[in-house]
Amino acid sequence: GEFFVLPRVFLVATVHERSESWSNIYGSQSDETKFNQLVLKGLYKNFTMRLEDGEEPVVSENTREKQYSLFSQERINKQKEKTSQSDQFPIHENLHHVTTSLPIISA
205 GEFFVLPRVF
215 LVATVHERSE
225 SWSNIYGSQS
235 DETKFNQLVL
245 KGLYKNFTMR
255 LEDGEEPVVS
265 ENTREKQYSL
275 FSQERINKQK
285 EKTSQSDQFP
295 IHENLHHVTT
305 SLPIISA
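Residue numbers 205 to 311, in the working numbering, belong to the letters of the sequence shown in order.
Encoded structure:
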């Protein structure tokens with residue numbers, strides 16, 4: 205499966221073993237691993253400083269595109285569900301007209 209962290213989403217997980225993917229990126233002591241750890245530390249430092257200053261977090265274009273794609277797919281799936289449900293339980297045309305023309309009352 206895929207794993208995405210999206211803007212304005214706070215993610216928490218129970219304590220678990222580090223994945224093979226994590227070990228491949230951060231588990232060795234190669235120069236590339238040290239560089240990746242330093243980049244990650246810098247991103248976290250930037251995030252916490254912006255949070256303390258009340259600024260919005262920086263979101264990469266890649267993350268924005270993934271968020272848009274996921275939300276678009278969710279919207280499409282919901283529309284398919286509605287279409288599927290209306291095919292199973294067709295609403296009488298006159299009943300639909302009555303229910304959509306009722307006034308909305310707010311408390």
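Ideal Cβ positions, reconstructed from N, Cα and C, are used throughout, including at glycine.
CA-to-CA, the gap between residue 246 and residue 217 works out to about 22 Å. The continuous alpha helix (DSSP H) containing residue 252 extends over residues 235–256.
Here the alpha carbon of residue 281 sits roughly 44 Å from the alpha carbon of residue 233. For residue 268, the secondary structure class from DSSP, reduced to helix, strand or coil, is helix. Using a Cβ distance threshold of 8 Å, residue 289 and residue 210 do not count as a contacting pair.
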